[in-house]
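Sequential numbering of the sequence shown, starting at 456, is according to my numbering. Have a look at the structure below before the remarks.
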Amino acid sequence: MKATGIAARGWAWTGYDHGTKKLFNYIGDAQNTYPVWGVTPILGLDVYEHAYYADFYTNRGGYIDEFLNFVDWKAVEALLPKA
C-alpha cells in the first residue's frame, strides 16, 4: 500500500480481485472513479496533497505510515468475507 500511495497522484486502493481471489493494491488517479472492474475496494487512501500537506508538507511517505498505523485492521479484515 505504501509504494502504491507514493506512486499515485490521487488514491491508493487495496481491493479484493474476484478473478484471482487475492488482494491487490491499485492506483486510482481520479476522484470519481474506482480504477478496476471485478474488484471490491477494501481500503482507500487519499494521497492528493490536500490530505497530508498541512501536517506532513512533502513527506507523503510519513503520512502513509501514520495512516497505516491508525487503520483498524480488524475492521478491514471483517470486510473480506463481504467482498
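No residue lacks a Cβ here, since even glycine has one placed at the ideal position from N, Cα and C.
Proximity below 8 Å, CB of residue i to CB of residue j
i	j	result
residue 459	residue 481	yes
residue 523	residue 456	yes
residue 493	residue 517	no
Element boundaries [alpha helix (DSSP H), containing residue i]
i	result
residue 531	528–534
Cutoff 8 Å: residue i Cβ touching any chain C Cβ
i	result
residue 514	The chain labelled as chain C is not found in the depicted structure, where only one protein chain is given.
Closest residue to residue i among the options (Cα-Cα distance)
i	options	result
residue 530	457, 519, 479 and 498	498
residue 505	457, 483, 465 and 461	465
residue 502	493, 526 and 484	484
residue 470	486, 491 and 461	491
Endpoints, the beta strand (DSSP E) within which residue i is located
i	result
residue 477	477–483
Exposed unless 16 or more other CB atoms sit within 10 angstroms - verdict on residue i
i	result
residue 525	exposed
Which residues DSSP lists as bridging residue i, in chain order
i	result
residue 508	DSSP, once it has assigned bridges, lists no residue as partnering residue 508.
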